[in-house]
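These notes concern the structure reproduced below.
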Amino acid sequence: MDKARILIAEDEPQMMGILAFALESEGWAVLTAYDGQQALDKVVAELPDLLLLDVMLPRVDGLEICRRVRESTTIPVILLTAKREEEDIIRGLELGADDYITKPFRPRELVLRIQAVLRRSGVGKAQAIVEVGALRVDGLRYQATLAGAPLELTATEFRLLSCLAANAGRAVSWQALLKHAWGLENWEGGKEMVKTAIYRLRQKVERDPNDPRLILNVRSVGYTMPSPEESGDQTATPL
Ligand code: CA
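Heads up, the sequence shown is in the numbering used here, so the first residue is 1 and it goes up one at a time.
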C-alpha cells in the first residue's frame with residue numbers, strides 16, 4: 001500500500017513543523033508549500049492526494065487557492081483557519097473545500113479528519129495499481145491493460161493514462177496533464193500537445209476513438225476518466 005501524499009500549505013514555520021510531524025507520524029508523505037503560489041504550483045506538479053490549506057497565506061490567499069484548485073481538480077481540501085475566520089470557513093466550503101479545522105487544534109483531531117476525507121475520496125488503497133473498470137494501470141511496472149489485454153503505450157501516453165485513471169471521476173486540467181506527462185508548465189502550445197497526445201491515446205484505448213467512453217473532454221478544462229459507477233462500466237467491454 002502506497003502512502004497518501006499530503007500537501008501542507010502553511011506560512012508559519014512552527015505550525016508547519018507541528019503539522020508535518022503529526023502527519024508523518026501517521027505514515028503519510030508530506031509535501032510543503034510556504035506561500036500560496038508554491039501551493040498552486042505543487043498541486044499541479046505533484047498531484048497530492050489531499051491539500052491541507054491555511055487560509056491566511058502570503059502571495060495567493062487560501063480561498064483563492066481553493067477556488068483555483070477546484071477549477072482544475074477535485075483534490076480534497078481541508079482548510080486551516082483561526083476561530084475568528086468564520087466567514088472564511090463558510091466561503092471556503094462554498095468554494096468546494098471538503099472540511100476545515102480551526103487553530104488551535106489537537107493533532108489527533110486533525111488526523112481523524114484527514115483520514116475521513118481521504119476515505120471519502122478513495123485514497124489510501126493501493127496507489128501503485130489503479131483500476132478503473134476494465135482498465136488496470138500498474139505504475140511500478142509502467143504497464144497498462146484493458147480487459148486483460150496489454151496496451152502498447154509510449155511513456156508519455158502511459159503517464160497521461162495513469163494520471164487520468166488515478167483521478168477517475170474528477171476533471172483533470174490540461175495544464176495538470178502537461179505537467180504530469182512532460183514536466184512542463186505554461187508551455188506555449190501545451191494545450192495542443194496534450195490534445196494531440198490524447199488523440200493518439202484514444203486510438204489505443206477506445207473501442208471507437210470518435211465516440212470515447214474512457215477519456216472524455218471536459219469543456220474549457222481538460223479531460224476526465226469517468227469512474228465505473230458514472231459510466232455504467234462501459235469500459236468493461238473488451239476492445
Ligand atoms: Ca498563515
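Where is the CB? At the ideal position from N, CA and C, for every residue including glycine.
Bear in mind the structure is a predicted one, so any value in this text is a computation, not a measurement.
Identify which residue in the options has its Cα closest to the Cα of residue i.
i, options, result
"E71", "V221, L19, F105", "V221"
"L40", "L7, L164, N167", "L7"
"A197", "A181, P212, E185, N210", "A181"
"R141", "A134, A147, V130", "V130"
"I75", "R59, Q175, E86, A97", "A97"
"L184", "W28, V44, E26", "V44"
"R113", "L23, Y223, I215, P226", "L23"
"K191", "D211, R219, L51", "R219"
"R120", "Q143, V77, S162", "V77"
"P107", "S25, R207, R213, E230", "S25"
"P48", "E87, I101, L118", "L118"
"Y100", "Y223, L146, G189, C66", "C66"
"T102", "T73, Q115, D88", "D88"
"E109", "M225, L19, P150, R91", "L19"
"M16", "T32, R5, A4", "T32"
"A176", "G189, E188, L160", "L160"
How far does the alpha helix (DSSP H) with residue i in it extend, from its first residue to its last?
i, result
"T154", "Looking at the DSSP string, T154 is not in any alpha helix (DSSP H), and its letter there is neither H nor E."
"G222", "Run containing G222: none in the alpha helix (DSSP H); it sits in the beta strand (DSSP E), 222 to 224."
"T40", "In the sequence on display, residue 40 carries Leu and not Thr. Element bounds for L40: 36 to 46."
"V194", "190 to 205"
"E24", "13 to 25"
Just reading off the beta strand (DSSP E) that residue i is part of, what are its end residues?
i, result
"S173", "171 to 173"
"A33", "29 to 33"
"V218", "216 to 218"
"A9", "5 to 9"
"V137", "135 to 138"
"A144", "143 to 146"
"L53", "50 to 54"
"V130", "129 to 132"
- Query: Do three or more CB pairs link the stretch 149 to 157 to the stretch 188 to 203 at distances below 8 Å?
  - Reply: yes
- Query: For the stretch 76 to 95 against the stretch 49 to 62, are there 3 or more C-beta pairs whose distance is under 8 Å?
  - Reply: yes
- Within the stretch 70 to 112, note down every full alpha helix (DSSP H) run reaching 4 residues or more, in order along the chain. 86 to 94
- Task: May I ask you to verify whether the stretch 28 to 44 touches the stretch 161 to 168, counting CB pairs closer than 8 Å and requiring at least 3?
- Result: no
- Which residues have a Cβ closer than 5 Å to any heavy atom of ligand 1, listed in chain order? D11, D54, M56
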